[in-house]
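Same order as they appear, the protein sequences are chains A and B. Just so you know, we're using the numbering used here here: the first sequence kicks off at 441 and counts up by one. Just so you know, we're using the numbering used here here: the second sequence kicks off at 13 and counts up by one. Comments concern the structure below.
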Amino acid sequence: MEANHKIRVENLSLRVNGHEILKDINVSIPENKITVILGPSGCGKTTLMKSMNRLTDIYPEMHVRGRILIDEEDILNTHKDVTAIRKKMGLLSQRPYPLPMSIYNNIAFGLRISGRKKRDLLDKRVEHYLKQASLWEEVKGRLREPASSLSIGQQQRLCLARGLAVDPEIILADEPTSALDPISSQEIEKKFLDLKQDYTIVLVTHILRQAARLADHVIFMYLGEVIEQAPAEEFFHHPRTEITRAYLKGSIN
Amino acid sequence: MSLWLILMLAMPVLIGGGLLWKSWSLLHDHALGELLLSTRWRPLSGEFGFAPFILSSLWVTLVSLLIAGPVCVLSAIHLTQYAPRIVLKVMQPVTDILAGIPSVIYGVWGIVAIVPLVSRNLAPLMGAETTGYSILSGAIVLAVMIIPFVLNILIEIFRSIPIELQEASLSLGASRWYTIKYVTLRKALPGIVSALGLGLSRAFGETIAVLMVVGNVTIIPRGVFQPGYPLPALIANNYGEMLSIPMYDSALMFGALILFVIVMVFNLAARLTIIRYEKVSQ
C-alpha cells in the first residue's frame with residue numbers, strides 16, 4: 441500500500457561558491473512515518489534537510505535550484521510568507537540551542553508568535569507540550585529559570601517541546617542525539633516512535649543502528665547525491681547498489 | 013620575564029597608591045564629603061570642591077554614550093545580520109583607522125566642525141544660546157571617538173552568537189527582525205552592556221579632544237549647551253602651573269585619584285559582566 445507523500449523534492453541542486461553540495465536530488469517522504477536520511481558526514485544530509493525549511497535563505501552564499509513540494513505546494517518558488525512555511529515544521533538540531541530566556545518562555549515563544557497571548561491558555565499549552573516531550577515532571581517547579589540551567593538531555597527535550605508547540609505537521613531532526621548521553625538518546629528515540637502517529641518525521645543521522653531502530657523509510661546519500669531510497673526493510677536487507685552494501689558493511693564512512 | 017609580569021600586575025596598585033599618597037595632605041585637611049560634594053573651587057582661599065568637575069565628566073560621558081550607543085548597536089546588527097559580507101570586510105579596516113587617529117586631531121575637528129555646528133544650528137533649534145564650546149560638543153566628539161572602539165567589540169559579540177540559535181527561532185515561525193529583537197539581542201545583551209562599559213571608561217578618561225571643545229568653565233552644567241570642565245581637562249590644564257598655591261598640587265592629584273577610581277570601577281564592572289556572560293552562555 442502506497443502512503444501519501446508529505447514532501448517531494450524534485451531536481452534539487454544547491455551550490456555554495458560554485459561547489460555543488462546537492463546534486464539533482466529527487467526524493468519523496470511519506471506521511472506519518474519516520475524517514476531517515478542516512479550517509480557519512482559531509483554528504484549533504486543536513487543541507488538537504490535545511491532546504492526543506494528554507495533555512496538556506498539565511499546563508500547568502502547558498503544558491504538553490506529545483507522544487508520542494510510540501511502538501512503539493514512548491515515552497516521554493518512561492519510568494520507565500522516564509523514564516524508560514526516554517527511553522528509547518530519543527531526543527532531539532534544537533535546540539536540543543538535553547539533560546540536565551542526561561543524554560544516557560546522557550547515554549548511560549550512560538551505560541552506568542554502565532555498570536556496566542558492569553559496567560560491561562562499559555563500556561564496550559566506550555567504544560568501540555570512539556571508533558572508531550574516527557575519533561576514536565578522534571579521542570580514543573582522551575583519554569584521561570586533560564587533554559588540554560590537544564591542538563592543537555594533536558595535541553596534537547598525542551599527544544600522538542602518548543603518545536604511541537606507551534607503545532608507543526610513535520611519534524612525535522614538533524615542528528616538530534618549526537619550530543620546526548622545514551623539514556624537521553626533513548627528517550628528521544630522513544631519519543632519519535634510515539635510521535636510518528638501524528639507527525640511526519642525526517643531524521644538525519646550517520647548512526648546505522650539508530651537508522652535501523654527508527655526508520656520506516658530510508659534515503660541514503662553519498663557525496664551530495666541520493667544513492668538509494670527505499671522502505672527500511674528493503675534497504676537494510678536487499679540493498680540495490682554497491683555503495684550501499686559497502687556502507688552497510690561499514691567499509692565506507 | 014616574570015619580573016616584568018609582576019611589575020605589570022603591580023602597576024595599577026602602585027599608581028593608585030601613589031595618587032593616594034600624593035593627595036594625602038589634601039585629604040588630611042579636608043573632609044572627603046566636602047571635597048566631593050562642594051561646588052566651591054577657590055584654590056587661593058584653600059577651597060577645593062570637585063563637584064563641578066565630576067559632574068562635567070559624567071555629563072560629557074553619558075551624553076556621548078547616549079549618542080554612540082544606539083549608533084553602535086544598530087550598525088553592528090546591520091553589519092553582521094543584513095549587510096553583504098563585503099561591507100563588513102570594508103568597514104573593519106575603516107573602524108581600525110578611525111580608532112587609531114590621534115585624539116588631538118579629533119579635537120581640532122571638533123573646534124572646526126562641531127563647535128560651529130552646535131552654536132549655529134543645534135542650539136537655535138532647541139532655543140538655546142551658546143558659544144558652541146559646550147558639553148554637547150564634547151559629547152559629540154567623544155562619541156565619534158568611541159564608536160569605532162565599541163563597534164569593533166560589538167561586531168565580535170554578534171558574530172560569536174551561534175547561527176543555530178537563529179535557525180531555531182526562525183523555524184518556530186519568527187520573522188528575521190523578530191528573531192534579532194528577541195533572540196539575538198537578548199543573547200548579546202550582557203556583551204553589549206560590557207562593550208558600552210568599556211567605551212564609557214575610555215570616554216571618561218579622554219582628555220585632549222574634550223578639553224579643546226568643552227569650554228573649561230568651572231560651573232555645574234545645567235544642560236548640554238552649557239560649558240563644562242571635566243576632570244582630565246582640569247588636571248591637564250593646570251598641572252605644572254600655580255603649584256606654589258598650597259595644596260594645589262595635592263588637589264590635582266586627588267582629581268586624578270577620583271578619575272582613576274571611577275574608571276577602574278567601570279572597567280571592573282564591564283569585565284565582570286563579560287565573565288558572567290561567558291559562564292552563562294556555555
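For each residue, glycine too, the CB sits at the ideal point set by N, CA and C.
Who are the near neighbours of residue i in its chain, counting only those whose CB is closer than 6 Å to its CB and skipping five residues on each side?
i: residue 597 of chain A; result: 573 and 575
i: residue 288 of chain B; result: none
i: residue 95 of chain B; result: none
i: residue 446 of chain A; result: 469, 471 and 640
i: residue 115 of chain B; result: 220 and 221
Using a C-beta to C-beta distance shorter than 7 Å, which residues of chain A count as neighbours of residue i?
i: residue 181 of chain B; result: 539
For residue i, which option in the options has the closest C-alpha, if you only look at C-alpha atoms?
i: residue 49 of chain B; options: B:61, B:57, B:245 and B:113; result: B:61
i: residue 206 of chain B; options: B:184, B:218, B:29 and B:279; result: B:279
i: residue 184 of chain B; options: A:650, A:661 and A:530; result: A:530
i: residue 212 of chain B; options: B:74, B:93 and B:252; result: B:74
i: residue 166 of chain B; options: B:93, B:204 and B:224; result: B:204
i: residue 603 of chain A; options: A:570, A:675 and A:557; result: A:570
i: residue 271 of chain B; options: B:227, B:247, B:282 and B:258; result: B:247
i: residue 196 of chain B; options: B:169, B:215, B:219 and B:105; result: B:169
i: residue 176 of chain B; options: A:687, A:448, A:678 and A:499; result: A:499
i: residue 527 of chain A; options: A:519, A:606, A:451 and A:591; result: A:606
i: residue 489 of chain A; options: A:595, A:534 and A:554; result: A:534
i: residue 32 of chain B; options: B:273, B:210 and B:243; result: B:273
i: residue 620 of chain A; options: A:644, A:594, A:679 and A:560; result: A:594
i: residue 658 of chain A; options: A:648, A:632 and A:671; result: A:671
i: residue 618 of chain A; options: A:612, A:644 and A:611; result: A:644
i: residue 58 of chain B; options: B:244, B:259 and B:76; result: B:259
i: residue 506 of chain A; options: A:579, A:452, A:675 and A:616; result: A:452
i: residue 56 of chain B; options: B:284, B:286, B:281 and B:263; result: B:263
i: residue 628 of chain A; options: A:609, A:648, A:592 and A:514; result: A:592
i: residue 39 of chain B; options: B:266, B:282 and B:275; result: B:266
i: residue 473 of chain A; options: A:692, A:651 and A:689; result: A:651
i: residue 66 of chain B; options: B:249, B:276 and B:216; result: B:216
If the cut is a Cβ gap below 8 Å, which residues of chain A does residue i touch?
i: residue 178 of chain B; result: 498
i: residue 195 of chain B; result: 539 and 540
Compare the C-beta of residue i with all C-beta atoms of chain A and state if any pair is closer than 8 Å.
i: residue 96 of chain B; result: yes
i: residue 88 of chain B; result: no
i: residue 186 of chain B; result: yes
i: residue 17 of chain B; result: no
i: residue 174 of chain B; result: yes
Can a CB atom of chain B be found closer than 8 Å to the CB of residue i?
i: residue 526 of chain A; result: yes
i: residue 492 of chain A; result: no
i: residue 502 of chain A; result: no
i: residue 441 of chain A; result: Note that residue 441 of chain A has pLDDT 40, beneath the 50 cutoff, so the model's placement of it is unreliable and the number below is only indicative. So, not an interface residue.
i: residue 553 of chain A; result: yes
i: residue 602 of chain A; result: yes
i: residue 606 of chain A; result: yes
i: residue 550 of chain A; result: yes
i: residue 591 of chain A; result: no
i: residue 523 of chain A; result: yes
In chain A, what lies closer than 9 Å to residue i by C-beta?
i: residue 198 of chain B; result: 539, 540 and 541
Grab me the residues of residue i's own chain with a C-beta within less than 8 Å of its C-beta, minus the 5 sequence neighbours each way, in chain order.
i: residue 544 of chain A; result: 566, 583 and 584
i: residue 475 of chain A; result: 469, 640, 641, 642, 643, 655, 656, 657, 658 and 659
i: residue 441 of chain A; result: Any reading at residue 441 of chain A needs caution, since the residue's pLDDT is 40, under 50, leaving its predicted position unreliable; the model's value is listed next. Within the same chain, residue 441 of chain A has no close Cβ partners at all.
If you drop the 5 nearest sequence neighbours on each side, which residues of the same chain put their C-beta closer than 7 Å to that of residue i?
i: residue 255 of chain B; result: 261
i: residue 664 of chain A; result: 460, 461, 462, 463, 483 and 484
i: residue 84 of chain B; result: 159, 162, 163 and 166
i: residue 667 of chain A; result: 660, 661, 681, 683 and 684
i: residue 21 of chain B; result: none
i: residue 103 of chain B; result: 91
i: residue 230 of chain B; result: 53, 64 and 241
i: residue 546 of chain A; result: 538, 539, 587, 598 and 602
i: residue 122 of chain B; result: 149, 153, 221, 224 and 225
i: residue 269 of chain B; result: 31, 32 and 35
How would you list, in chain order, the residues of chain B whose beta-carbon sits under 8 Å from the beta-carbon of residue i?
i: residue 394 of chain A; result: Nothing can be reported for residue 394 of chain A, as the shown portion of chain A is limited to 441 through 693.
i: residue 495 of chain A; result: 179, 182 and 183
i: residue 533 of chain A; result: 176, 179 and 180
Fill in: Whole beta strand (DSSP E) elements within the segment 184 to 226 of chain B, 3-residue minimum
none
Discussion item. List, from N- to C-terminal side, the beta strand (DSSP E) runs of 3 residues or more that fit wholly inside the segment 581 to 649 of chain A.
Written reply: Uninterrupted beta strand (DSSP E) stretches at least 3 residues long and entirely within the segment 581 to 649 of chain A occur at 610 to 614 and 640 to 645, given in chain order.
Worksheet entry | alpha helix (DSSP H) runs contained entirely in the segment 447 to 499 of chain A, provided each spans 4 or more residues | 485 to 492
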